[in-house]
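Only one structure is covered here, and it is reproduced in the block below.
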Amino acid sequence: MLNDRTRKRYISAFLRDCAARGRLLRSGLSFGPICSVNCGGAGIALALCKLGCDQGDPQLLSLAEIWITHTVKTLDEPEAFYDPEHDFTEATLGKVSILHKEPGVRWVQAAIARKLRKRRDCRSAVNAFLRLSKLPSPKYEFSFGKGGLLVGCALLIDLLADFDAELCDAVRNRGQQLYRQMVRRILEQHRFDSQPSGEFLGAAHGRAGILHSLLIWYEISGSEIHPGLLKALKKLAALAKETGSGARWPRLLGGDQYWSGWCNGSAGFVLLFSLASRMLSDPSYFTLAAAAAEHTWRVRNPSPSLCCGATGDGYAYLNLYRATGNKLWLQRAGRSAEVAMNVDRHNYSLFVGKAGVVVLLSDLERPESAWIPLLEREPTGGRVASVAPGKEKEANGARNRRLSR
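Residue numbers (the working numbering): 4 to 408.
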């Protein structure tokens, strides 16, 4: 089982490096892109925000604010979102990606301001997110397209519901526009009827991510489920390939590569079909989610990342533990965290580095309420701020004492 002392030591080392006067803010991130949620400062800020909320620690929320402020100041740097060596280019990322471009940075900025009860800052960040969400994009996937924006709108509704009704309405209206575009293009015109060889099926770039985005919107907005979604889920379920007690989907339709992680593999299908089972009260989808987790466990990707490795696997198991209380899934999540922790890695990012490992380690302390930032709904709905009224001044005063050590 995961050693508690080792877990705490790993988290403490990460927080020390990320402190206000720590080496990362002094010297900068050594890996690009330096601003995005996926790879850069916005992801680190989101991880710190989650830790602060989960632990009820206002000082961590203040540190998250320091990081997002620093990140926003570097948005015009050439390496803010691009790294041609790793194929992070405008041609591949597009303009509206919530994981890889400025909409995600503004989303994180809005979430942190909301948690700190800073209404003006929250309004400014949300309005920037909404403006950027209207940039043209032909993509509907989660990672690079409208699917991610729709999830962003849904989660903002949770955050803003009892904080700023007018702003919440603006987000809901934009989400409805995105929802109608996706329904028209994906469920009514495309219908997943065609079977084009080479189409992505997974959570980051394919069908699983698109359907997951729509389900989260239905859950939070209260919209009526489109009948086309039910058909699309059944068609995707039918593409599963049984392997022992597990189930897997090819990375590409018609292909023969089977991945295990969140982005293009079975861990992403765990999240989709677990949510579908809960939303539709259909236990057959939960059976499929558990089978996908079995495949993930059998492969045990040695990479530490949330995107396609052990951290994402661990969250898939925690998802099933929350649903069932079966400690087998909790044990597997702990084992995945051990694998991720033991990889020597200098990258500090949320989706491919240490920040993702840290949020998983933190969630293992309270697995009944674990959630993946920007991929899953916060159990509280995001509406309970961790800085109580009257405590914000105290929290801000503590910055230069604790965070700068």
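By construction, the Cβ of each residue, glycine as well, lies at the ideal position given by its N, Cα and C atoms.
Owing to the predicted nature of the structure, the values given are computational and were not obtained by experimental measurement.
Closest to D167 by C-alpha separation, out of Q192, N130, L152, would be which residue?
Restricting attention to Q192, N130, L152, the CA atom closest to the CA of D167 is found in N130.
Please report the residue range of the beta strand (DSSP E) in which A250 lies.
Boundaries of the beta strand (DSSP E) around A250: 249 to 251.
Could you give the DSSP three-state label for L32: helix, strand or coil?
Three-state result, L32: coil.
Counting beta carbon pairs with one atom in the segment 158 to 165 and one in the segment 220 to 236, are three or more of them shorter than 8 angstroms?
As far as the Cβ criterion goes, the segment 220 to 236 touches the segment 158 to 165, which means the pair count is three or higher.
Among S136, C125, V111, N176, whose alpha-carbon lies nearest the alpha-carbon of V99?
Answer by Cα proximity: S136.
Cα-Cα separation between F91 and P139, rounded to whole angstroms:
Going from the Cα of F91 to the Cα of P139 covers about 19 angstroms.
Starting from the C-beta of G148, find all residues in its chain whose C-beta is less than 6 angstroms away, skip the five residues before and the five after it, and write them out in chain order.
S140, K142, listed in sequence order.
If you draw a straight line from the alpha carbon of F203 to that of V360, how long is it in whole angstroms?
Taking the straight line from one Cα to the other gives about 26 angstroms.
Could you check whether the segment 250 to 257 touches the segment 303 to 323, counting it as contact only if at least three pairs of C-beta atoms, one from each stretch, sit closer than 8 angstroms?
Contact between the segment 250 to 257 and the segment 303 to 323 is absent: fewer than 3 CB-CB pairs across the two stretches fall below 8 angstroms.
Assuming contact is defined by CB atoms lying nearer than 8 angstroms, are G107 and V154 in contact in what I supplied?
Result no, Cβ atoms of G107 and V154 do not sit closer than 8 angstroms.
If you draw a straight line from the alpha carbon of R369 to that of S200, how long is it in whole angstroms?
So the alpha carbons of these two residues sit roughly 42 angstroms apart.
Cβ shell of D124 (< 6 angstroms), same chain only, five flanking positions each side left out
Cβ within range, chain order: A116.
DSSP state of W374, grouped into three classes?
Three-state DSSP puts W374 in coil, outside helix and strand.
Looking only at its own chain, which residues have a Cβ that is under 7 angstroms from the Cβ of L170, when we skip the five neighbours before and after it?
Hits under 7 angstroms: R126, V129, L163.
Pair every Cβ in the segment 343 to 363 with every Cβ in the segment 46 to 59, then say whether three or more of these pairs are closer than 8 angstroms.
Of all C-beta pairs linking the segment 343 to 363 to the segment 46 to 59, three or more are shorter than 8 angstroms, placing the two stretches in contact.
E105, enclosing alpha helix (DSSP H) - first and last residue
First-last of the alpha helix (DSSP H) with E105: 105 to 118.
Assign V387 to one of two classes, buried (16 or more other C-beta atoms within 10 Å of its C-beta) or exposed (fewer than that).
Interpretation of V387 is limited by its pLDDT of 43, a score under 50 that renders its predicted location unreliable; the figure taken from the coordinates is listed afterwards. Exposed, by the Cβ-count rule.
For I69, I'd like the list of residues in its chain whose CB is within less than 6 angstroms of its CB, leaving aside the five on either flank, ordered along the chain.
Apart from the 5 residues on each side of it in sequence, I69 sits with its Cβ closer than 6 angstroms to the Cβ of A23 in its chain, given in chain order.
Counting beta carbon pairs with one atom in the segment 276 to 295 and one in the segment 229 to 241, are three or more of them shorter than 8 angstroms?
They touch, by the three-pair rule.
Assign L66 to one of three DSSP states: helix, strand, or coil.
L66 falls in the helix class under three-state DSSP.
Beta-carbon contacts of V302 that lie in its chain and below 7 angstroms, excluding the five residues immediately before and after:
For V302, same chain residues with a beta-carbon under 7 angstroms away, outside a window of 5 residues either side, are S263 in chain order.
Separation of T246 from R121, as counted between CA atoms:
According to the sequence displayed, residue 121 carries Lys and not Arg. Looking at the two C-alpha atoms, the distance is approximately 51 angstroms.
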